[in-house]
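**Q**
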Amino acid sequence: MSLVGCWTRATGLAHVVSRTLSASLREAGSREGKLFLIGHSFVSDFQLAQACEAMSRTNDAGATDGWPGCYSSLLVTRSRAVLLADPVGQFPLFVAEKADAVWFGTDSSDLARLAGGPLDEISVAAIIACPESGEPVRGRSMYRGIRRVPAGHVLSIGRAGVRERPHSVLRPEPEMTMAESAERLRSALSTAVRARTLSPYRLTFDLSGGLDSTSLTMLAAGELGELDSFISVNPAAPVADDVEFASRHARSVTGIRHHLVPEGPEHLPYQVLRPTGDWPHGSSLATGALRARLARAVELGSHAHVTGEGGDVVLKAPGAYLADLARHGELPRLWSDCVAWARLRGRTPLALVGRAVTLSRSTRRRALRSLAEDVAAGRPIGAESWEADRIAYWRRPSAQWLTPAARRSLAAHIQDTADHLAEDDDLDAGDAVTQELVRQQTLTLRTGQAVGAEFGIEVHAPFMDTEVVRACLALPARRRADPRTPKPLLRAALSGLVPPAVLARTTKGDYTRDVYLGVRRAAPVLRRMLTESVAADHGILEPGPVREVLEAAIQGMPTPWGALHQVFAVEAWLREREEGVRP
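Okay, so the sequence shown: first residue is 1 according to UniProt numbering, each after it adds one.
1. Spatial neighbours of THR531 within its chain, please: CB distance less than 8 Å, with the 5 preceding and 5 following residues excluded, ordered by chain position.
2. Within its chain, find whatever has a CB closer than 7 Å to the CB of VAL581; leave out the 5 residues flanking it on each side and keep chain order.
3. Considering only C-alpha positions, which residue in the set LEU489, PRO488, ALA461, THR559 is nearest to ALA195?
4. Can at least three beta-carbon pairs, one atom from the segment 183-198 and one from the segment 106-118, be found at a separation below 8 Å?
5. So which of LEU410, GLY282, ALA51, LEU198 has the shortest CA-CA distance to GLY539?
6. By Cβ distance, which residues of its chain are closer than 6 Å to ALA28, with the 5 residues on each side in sequence left out?
7. Contact between the segment 490-507 and the segment 196-207: three or more CB pairs below 8 Å?
8. Using 8 Å for Cβ pairs, my map puts THR77 next to ALA14. What's the rounded Cβ distance?
9. Return the chain-ordered ranges of every alpha helix (DSSP H) run that is complete within the segment 520-561 and spans a minimum of 4 residues.
10. Would you call ASP510 buried or exposed, if buried means 16 or more other Cβ atoms sit within 10 Å of its Cβ?
11. Check ALA406 in the structure and name its three-state DSSP category.
12. Is there contact between the segment 478-493 and the segment 237-252, where contact requires at least three CB pairs shorter than 8 Å?
13. In angstroms with no decimal places, state the Cα-to-Cα distance between HIS281 and ARG446.
14. Please name the residue or residues paired with ARG19 in a DSSP beta bridge.
15. How about the segment 421-440 and the segment 257-272: do they share at least three Cβ pairs that are nearer than 8 Å?
16. Compare the Cα-Cα distances from LEU250 to each of SER199, ALA351, VAL233, SER215 and report the closest residue.
17. Which first and last residues belong to the beta strand (DSSP E) in which PHE94 is found?
18. Apart from the five residues on each side of it in sequence, which residues of its chain come closer than 8 Å, Cβ to Cβ, to ALA535?
19. Taking contact to mean 3 or more Cβ pairs, one atom from each stretch, closer than 8 Å, check whether the segment 337-354 and the segment 492-502 are in contact.
20. According to DSSP, is ASP228 helix, strand or coil?
21. Grab the span of the beta strand (DSSP E) containing TYR71 for me, first residue to last.
22. Let's see if you can read the secondary structure: which residues bound the beta strand (DSSP E) around SER168?
23. Buried or exposed: where does HIS40 fall if 16 or more other Cβ atoms within 10 Å of its Cβ makes it buried?
24. Tell me the residue span of the alpha helix (DSSP H) that contains ASP374.
25. Answer yes or no: do VAL88 and MET464 have a C-beta to C-beta separation smaller than 8 Å?
26. For my contact list, ILE256 and VAL243 are in at a C-beta cut-off of 8 Å; report their separation, rounded to the angstrom.
27. Measure from the alpha carbon of LEU155 to the alpha carbon of each residue in GLN441, ASP86, ARG547, then state which is nearest.
28. Please report the residue range of the alpha helix (DSSP H) in which GLU175 lies.
29. Assign MET557 to buried or exposed, taking buried as 16 or more other Cβ atoms, counted over all protein chains shown, within 10 Å of its Cβ.
30. Which residues in the same chain have their Cβ closer than 7 Å to the Cβ of GLY134, if we skip the five residues on either side of it in sequence?
31. Is the beta carbon of THR197 less than 8 Å from the beta carbon of LEU224?
32. Just curious, the beta strand (DSSP E) that THR204 is in, first and last residue?
33. DSSP three-state label for ILE127, please.
34. Spatial neighbours of GLN441 within its chain, please: CB distance less than 6 Å, with the 5 preceding and 5 following residues excluded, ordered by chain position.
35. At which residues does the beta strand (DSSP E) containing GLY39 begin and terminate?
36. Given ALA405, which residues of its chain have a CB within under 8 Å of its CB, disregarding the five upstream and five downstream residues?
Put into structure tokens, the structure is as follows:
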């Protein structure tokens with residue numbers, strides 16, 4: 001799936017340079033122009049043609065709003081181009097403004113190749129040092145001069161110049177109640193699943209035993225009658241809890257054929273060090289289990305595979321919501337929730353309350369300035385406590401993994417970002433963190449979609465459909481949270497639609513052992529990657545401190561896995577980009 005277009009300043013004409021049509025890149029034409037839908041859409045060709053006609057004549061960006069799925073749209077007429085990025089951020093669009101032309105498309109690497117664009121060292125440094133903060137890379141790509149259209153924004157290219165404005169940005173609704181949000185979610189999720197079951201796709205499903213994938217499979221079984229579902233099982237490190245729950249739920253509904261897909265050592269994390277897109281992300285290092293399931297799906301003739309990805313992000317609330325309780329004066333609830341979290345994490349309630357009150361008095365601008373200071377100082381990775389790590393806008397950066405020069409450049413950029421930040425004081429900390437978690441989740445989804453493309457299978461995540469995300473995020477984070485009841489919003493939404501036993505589970509499988517096994521098996525390759533680091537050649541990475549963490553991980557010591565994943569994802573991406581080879 002790829003599309004590249006160009007608007008030429010001298011002629012004032014726009015045209016499509018190249019496109020590869022697929023199930024996730026659809027096209028409709030009219031006398032005035034062509035409309036492309038990029039992503040997962042389930043409207044008819046007739047509806048798409050009508051939208052093309054309306055957008056071409058009236059420039060109405062809302063002509064494609066409200067359909068099931070998640071998709072960006074791109075209109076190309078003789079004299080202009082209109083790019084509308086999906087509100088969730090699953091299917092990004094990029095633009096490169098040059099002296100003689102404006103290039104646009106779905107892949108920043110394609111634009112860099114055609115329009116020119118050197119590596120953006122700031123983006124590389126930010127991905128390594130502070131991947132949980134989206135502000136330093138907002139609107140950026142991996143290439144200088146190529147920027148991303150923000151999610152939910154529309155960008156117009158033509159004689160009047162390049163103009164951008166918000167169109168359908170996801171925001172919490174302050175007065176939204178749990179009951180109202182649950183009703184919206186019930187409708188949106190049912191529609192998302194039904195749209196897929198009515199499509200011409202032959203579907204397969206993940207059924208891991210967790211709330212998210214199991215709920216989707218149950219909803220689909222009610223529509224299809226019969227379906228095939230999978231759970232990955234590593235015999236060397238089985239997560240028996242997940243297998244037991246998944247098998248029990250599958251047996252409870254007639255028509256669900258449940259397949260246990262065995263994993264071998266080759267499916268462990270770090271065994272496939274292969275970039276999966278135009279933005280490095282740690283999820284690309286742990287695709288083995290998905291590959292095993294997709295291989296089985298191919299054997300069954302599947303065209304599309306449905307996962308529960310994204311449910312954790314949109315249904316739960318980050319720890320920063322505790323600061324929102326303090327900010328809004330909900331002190332009895334703040335104390336009650338801090339007591340509950342303290343029991344779960346072995347902390348004292350007063351420590352959590354203190355941290356929540358401190359964060360409630362801060363802003364994203366202040367947090368960014370603090371981040372710039374941490375990056376400049378190169379302070380050690382990791383937080384001093386659970387509450388400092390979780391009741392925050394982001395975790396402490398792994399800035400000591402950068403060279404002094406890279407730290408200085410990144411810190412200056414973060415400081416500049418803070419100085420120019422349009423302060424959203426009305427956006428609570430929990431909601432701001434949730435939006436960032438959605439951004440990170442889209443990177444994981446893009447990894448899954450890229451792996452699916454290798455197998456000829458579309459990978460879908462209904463929990464990340466636009467209207468599903470909108471229904472969940474309309475409810476402020478502090479109202480989605482309950483330390484005593486996992487995912488209360490999902491339970492309220494699906495009560496009566498799925499068996500009560502599915503919604504009753506309170507545990508979650510832990511697959512950390514797989515990561516330790518994988519990094520130990522891949523140790524020789526990982527050591528060599530640090531010895532011959534491409535990021536170090538660019539003056540960005542300081543391999544020594546990373547090597548210390550890697551060796552500790554190989555020995556089974558506690559490890560900042562998210563940060564370590566990012567380093568090797570960047571290394572693999574840079575190697576393929578610059579050398580055309582894989583580790």
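Quick reminder that beta carbons are idealized off the backbone N, C-alpha and C, glycines included.
**A** From the atom records:
1. As a working note, residue 531 is residue 531 in the sequence shown. Hits under 8 Å: PRO543.
2. Here residue 581 corresponds to residue number 581 of the sequence shown, with the count starting at 1. Residue placement at VAL581 is flagged as unreliable, the pLDDT there being 48, under the threshold of 50; a coordinate-derived value is accordingly withheld.
3. Translated into the one-based positions of the sequence shown, residue 195 becomes position 195. Checking every option, the nearest Cα to that of ALA195 belongs to ALA461.
4. Taking 8 Å as the limit for Cβ pairs, the verdict is that the segment 106-118 does not touch the segment 183-198.
5. By 1-based counting over the sequence shown, the position of residue 539 is 539. When C-alpha distances from GLY539 are compared across LEU410, GLY282, ALA51, LEU198, the shortest belongs to LEU410.
6. Your numbering for residue 28 matches position 28 in the sequence shown. Closer than 6 Å at the Cβ level, and outside the excluded window around ALA28, lie LEU35, LEU48, ALA49, CYS52.
7. Contact fails: fewer than three Cβ-Cβ distances are below 8 Å.
8. Here residue 77 corresponds to residue number 77 of the sequence shown, with the count starting at 1. Here residue 14 corresponds to residue number 14 of the sequence shown, with the count starting at 1. Correct: roughly 7 Å between the Cβ atoms.
9. DSSP runs (the alpha helix (DSSP H)) wholly in the segment 520-561: 523-531, 534-537, 543-554.
10. If you number the sequence shown from 1, residue 510 lands on position 510. Looking at its Cβ environment, which holds fewer than 16 other Cβ atoms inside 10 Å, ASP510 is exposed.
11. On the sequence shown, residue 406 is found 406 positions in, with the first residue counted as 1. Here ALA406 carries a helix assignment [DSSP, helix/strand/coil].
12. No: fewer than three Cβ pairs fall under 8 Å.
13. The residue given as residue 281 occupies position 281 in the sequence shown. The residue given as residue 446 occupies position 446 in the sequence shown. Looking at the two C-alpha atoms, the distance is approximately 10 Å.
14. For the purposes of this step, residue 19 is taken as the residue at position 19 of the sequence shown. In the DSSP secondary-structure assignment, ARG19 is bridged to LEU3.
15. Three or more beta-carbon pairs separated by less than 8 Å are not found between the segment 421-440 and the segment 257-272, which leaves the two stretches without contact.
16. Taking the first residue of the sequence shown as position 1, residue 250 is located at position 250. Per the sequence shown, the amino acid found at residue 250 is Ala instead of Leu. Checked all of SER199, ALA351, VAL233, SER215; the closest Cα to ALA250 is SER215.
17. On the sequence shown, residue 94 is found 94 positions in, with the first residue counted as 1. Per DSSP, the unbroken beta strand (DSSP E) holding PHE94 starts and ends at 94-97.
18. Residue 535 sits at position 535 when you count from the first residue of the sequence shown. Correct list, in chain order: VAL124, ILE128, LEU541, VAL567, VAL570, GLU571, LEU574.
19. Per the Cβ contact rule, the segment 337-354 is not in contact with the segment 492-502 (fewer than 3 Cβ pairs under 8 Å).
20. Position 228 of the sequence shown, counting from 1, holds the residue named residue 228. ASP228 falls in the strand class under three-state DSSP.
21. Counting from 1 along the sequence shown, the entry for residue 71 is found at position 71. Counted as a single uninterrupted DSSP element, the beta strand (DSSP E) harbouring TYR71 occupies residues 69-77.
22. Numbered from its first residue, the sequence shown carries residue 168 at position 168. SER168: not part of any beta strand (DSSP E); DSSP gives it neither H nor E.
23. Looking up residue 40 in the sequence shown gives position 40. Classification of HIS40: buried, given that the 10 Å Cβ count is 16 or more.
24. Start at 1 with the first residue of the sequence shown, and residue 374 comes out as number 374. Counting along the chain, the alpha helix (DSSP H) containing ASP374 begins and ends at 364-377.
25. Taking the sequence shown and counting its residues from 1, the one referred to as residue 88 is at position 88. Taking the sequence shown and counting its residues from 1, the one referred to as residue 464 is at position 464. The criterion of a C-beta distance shorter than 8 Å is satisfied by VAL88 and MET464.
26. For the purposes of this step, residue 256 is taken as the residue at position 256 of the sequence shown. For the purposes of this step, residue 243 is taken as the residue at position 243 of the sequence shown. About 15 Å separates the beta carbon of ILE256 from that of VAL243, a gap too long to meet the 8 Å contact definition.
27. In the sequence shown, the residue the question calls residue 155 occupies position 155. Comparing Cα-Cα distances from LEU155 to each of GLN441, ASP86, ARG547, the minimum goes to ASP86.
28. The count along the sequence shown starts at 1 and reaches residue 175 at position 175. Unbroken run through GLU175: none, as it is neither H nor E.
29. Start at 1 with the first residue of the sequence shown, and residue 557 comes out as number 557. By the beta-carbon neighbour count (other beta carbons within 10 angstroms, threshold 16), MET557 is exposed.
30. Numbered from 1 along the sequence shown, position 134 holds the residue referred to as residue 134. Result list for GLY134: GLU436, ARG439, in chain order.
31. By one-based count along the sequence shown, residue 197 stands at place 197. By one-based count along the sequence shown, residue 224 stands at place 224. Yes.
32. One-based indexing of the sequence shown puts residue 204 at position 204. Per DSSP, THR204 belongs to the beta strand (DSSP E) from 203-206.
33. Translated into positions along the sequence shown, residue 127 becomes position 127. Helix at ILE127.
34. Taking the sequence shown and counting its residues from 1, one reaches residue 441 at position 441. Excluding positions up to five away in sequence, the list reads GLY310, VAL313.
35. Residue mapping note: residue 39 aligns to position 39 of the sequence shown, counting from 1. Secondary structure note for GLY39: its beta strand (DSSP E) is the uninterrupted segment 33-41.
36. Counted from its first residue, the sequence shown places residue 405 at position 405. Around ALA405: GLY539.
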